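S.K.: Residue numbers (the working numbering), protein chains in the order written: chain A, 399 to 885; chain B, 9 to 273.
#1: So is residue 789(A) in contact with chain B if we call contact Cβ pairs under 8 Å?
#2: Which residue marks the beginning of the beta strand (DSSP E) containing residue 625(A), and which one marks its end?
#3: Consult DSSP for residue 110(B) and reduce its assignment to one of helix, strand or coil.
#4: Indicate whether at least one CB of chain A lies closer than 8 Å to the CB of residue 161(B).
#5: Mind listing which residues of the segment 106 to 122 of chain B have their C-beta closer than 8 Å to chain A's C-betas, in chain order?
#6: By the criterion of Cβ-Cβ separation under 9 Å, what are the contact partners of residue 714(A) in chain B?
#7: Can you tell which of 76(B), 219(B) and 49(B) has the C-alpha that lies nearest to the C-alpha of residue 59(B)?
#8: Could you tell me which chain A residues have their CB closer than 8 Å to the CB of residue 128(B), listed as they occur along the chain?
#9: Counting along the chain, where does the alpha helix (DSSP H) carrying residue 659(A) start and finish?
#10: Just confirm the distance between the C-beta atoms of residue 741(A) and residue 623(A), as a whole number of angstroms; I'd bet it's less than 8 Å.
#11: If you count every other CB in all the chains shown that lies within 10 Å of the CB of residue 588(A), and 16 or more means buried, which is it?
#12: DSSP state of residue 603(A), grouped into three classes?
#13: Check distances from the C-beta atoms of the segment 800 to 832 of chain A to those of chain B and list, in chain order, the residues that come in under 9 Å.
#14: If the cut is a Cβ gap below 7 Å, which residues of chain A does residue 77(B) touch?
#15: Is residue 100(B) close to chain A, meaning its C-beta is less than 8 Å from at least one C-beta of that chain?
#16: Please list, in chain order, all residues of the same chain as residue 875(A) whose beta carbon is under 7 Å from its beta carbon, the five residues on each side excluded.
#17: Rounded C-beta distance between residue 598(A) and residue 428(A)? I'm assuming under 8 Å.
#18: Go ahead and pull the three-state DSSP assignment for residue 50(B).
#19: When burial is assigned at 16 or more other CB atoms within 10 Å of the CB, is residue 143(B) buried or exposed?
#20: In angstroms with no decimal places, state the Cα-to-Cα distance between residue 203(B) and residue 44(B).
#21: Going along chain B in order, which residues have a C-beta closer than 7 Å to the C-beta of residue 774(A)?
#22: Give the residues from the segment 849 to 883 of chain A that approach chain B closer than 8 Å (Cβ to any Cβ), ordered along the chain.
#23: Looking at the structure shown, is residue 158(B) part of a helix, part of a strand, or coil, going by DSSP?
#24: Name the two residues that bound the continuous alpha helix (DSSP H) containing residue 397(A).
#25: Could you round the C-beta distance between residue 818(A) and residue 862(A) to whole angstroms and report it? I think they count as a contact, below 8 Å.
#26: Taking Cβ to Cβ, would you say residue 480(A) is nearer than 8 Å to residue 616(A)?
#27: Here's the rule: buried if 16 or more other CB atoms are within 10 angstroms of the residue's CB, otherwise exposed. What is residue 760(A)?
#28: Is it buried or exposed, residue 550(A), if we count other Cβ atoms within 10 angstroms and call 16 or more buried?
#29: Looking only at its own chain, which residues have a Cβ that is under 7 Å from the Cβ of residue 593(A), when we skip the five neighbours before and after it?
#30: Label residue 676(A) either buried or exposed according to how many other C-beta atoms from any shown protein chain fall within 10 Å of its C-beta, with 16 as the threshold for buried.
#31: Drop a sphere of 10 angstroms on the beta-carbon of residue 447(A), count the other beta-carbons inside from all chains shown, and report buried for 16 or more, exposed for fewer.
#32: Throw me the rounded Cβ distance for the residue 453(A) and residue 426(A) pair, which I believe falls under 8 Å.
#33: Assign residue 443(A) to buried or exposed, taking buried as 16 or more other Cβ atoms, counted over all protein chains shown, within 10 Å of its Cβ.
#34: Mapping DSSP to helix, strand and coil, what is residue 460(A)?
#35: Taking all protein chains shown into account, decide if residue 879(A) is buried (16 or more other Cβ within 10 angstroms of its Cβ) or exposed.
#36: Grab the span of the alpha helix (DSSP H) containing residue 785(A) for me, first residue to last.
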């Protein structure tokens, strides 16, 4: 168990060092990425060492990261603050909101100048054909296919209260990723989705916004939320952004970000600079992601091996403890990786850090190793088992000198399976801003840019192949020759 | 049958008894759940003699061997080996004084022939020189080619594997050798040759041997004493001639008749 403590310590120390810097978080959609970059540049211009953790997740993850101190600030919207964070029913004034946040150790800047409220959008041709102009028109079309983001599906100002207010009885409603939703809308898989009013894709995809005729959606004024322990000069620098971004300007920046596939260059546009060209160091960039990816896979697999093999040995003996070990490691496997990350982030010691990703990957790597070790040991023929005991070897010596070497091939196969699964699953680490090859995949998914997706997906696939052949090589070292010979 | 006593007056008797009775089962039984594999049984195995346990499948003959080497614990009764009562506390020591050969050989596939033979000696950190000498001695005794010592079990023939298994059992010069159907997996030609050789080896060793078989010809060939079992009980023990001329029950007669020789067909 010592190495685990050591690793946690190392990460705790490195996280401590980063706390001296200002860390800007952002949510997983274009506008939040751009606002994050704008905040970073503003703070850097004011002389702070600032960095961005882009696309960390949804409101809950960002809010928890802010409270936990993994990030110092992030862009948020007043409507979201009221509905999701403070969970208040009656509409709040800015001062009330600010005071309530202050009680939670969080400060709020003034409004940046644009209202990015929710909107329901449709393809222009489809809306025209059905004669739909406003949300209340939907009452007569309960058979339309609705695909809204998972967050909107569950929000207090989301789909369910909206339906109640407008008396909608839509029958086909499902949750779909925001970026994928535009593709679904374009090919007609869905008729209606939620969008943000400053979303550049409304114009790009020739969509129409249905009029919120009952004024259901609250105001979503953009602000920055920051920790009260942030340097007051940093607050002053951020307050200079207040009122400088109106809706057309924000839409322009969003559109620029999606066109160039580069958030930093869109942010540069805000500062009136020429858009910085995208980093040309293609190899270095992919190399960096790959290296981080290997770190995540390597560390989690190492922990998986040192915990999984002893658990497998214990689980090879019949009894309730073994059933518990096998059932638990199996159950972990059924938790979707995104859900597991979301469950771990609020826990102490975890948060938005590589430790969380490594721990989640470690949990996923357990099942193949535990199960293969247990099954391999159980499959040792009785004749061999009896012979080892009859020689007069102590149980420990039987295990080390006979049973484990005989099971080495099966155990190694389990380790190999875990390694390959981890190479795939580690792409999700990017969701909590830890990096790795998931970073281009997720930002590519956001930008609807297949080239960027492939920049992550192809190295990840190659890495899986490489890991496979690496372990085939290990077979020669760890599997005794007598087991590799053919009869 | 003299019981081992605890008082000094019986010392001489005890000493003689310990010499002549290498293995002693007193009221030993073994049940698995509700099924009795062995009913209460008393059995003395004479030192330096070959005793063969025989009987149909499931009669309890292998159970007795597994009880002696402590792979099973008796449900009732006690087992003594060379005067020591077998218990969980001394089982490792007892096992190291017993050689055990089973049907499929039970060789460890990840070790070469010589590694299989030397595993336990190395574990006990015996002097290398003595181990080497003993290994060559055993090769000669079992007619195992020295050139094949570096081969793995998959590279050996069935007969060679049984020879390695026998060498492994004899490595630490055990006082008792247990063999559980040692020829069971061999084809008839190899089997006949190995039987001849094994008999020579036994004669040479002058050792206490307990062998399990279901073949009466094999039993007659090896045994100083045959113990015939049926349904978890000893039916009769004695020489082949005793069983033939004075069968204790109808079962003994039937069992002998069932083992017809080729010449009689």
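Backbone N, C-alpha and C define an ideal beta-carbon position, used for all residues, glycine too. All of these numbers come straight from a predicted model, not from anything done at the bench.
M.R.: Quick look at the numbers:
#1: yes
#2: 620 to 625
#3: coil
#4: yes
#5: 106, 108, 110, 111, 112, 113, 114, 115, 116, 117, 118, 119 and 120
#6: None at all; the shortest Cβ gap to chain B is about 18 Å.
#7: 219(B)
#8: 789, 790 and 791
#9: Premise fails: residue 659(A) is in no alpha helix (DSSP H) and is neither H nor E.
#10: About 23 Å; that fails the 8 Å criterion.
#11: buried
#12: coil
#13: 800, 803, 804 and 806
#14: 788
#15: yes
#16: none
#17: 7 Å
#18: strand
#19: buried
#20: 33 Å
#21: By Cβ distance, chain B contributes nothing, its closest Cβ being about 13 Å from residue 774(A), past 7 Å.
#22: 878, 879, 880, 881 and 883
#23: coil
#24: Residue numbering for chain A in the displayed model covers 399 to 885; residue 397(A) lies beyond these limits and cannot be assessed.
#25: 5 Å
#26: yes
#27: buried
#28: buried
#29: 517, 519 and 600
#30: Only weak support is given to the placement of residue 676(A): the predicted model assigns it a pLDDT of 48, under 50, and the question is left unresolved by the model.
#31: exposed
#32: 4 Å
#33: exposed
#34: helix
#35: exposed
#36: 780 to 788
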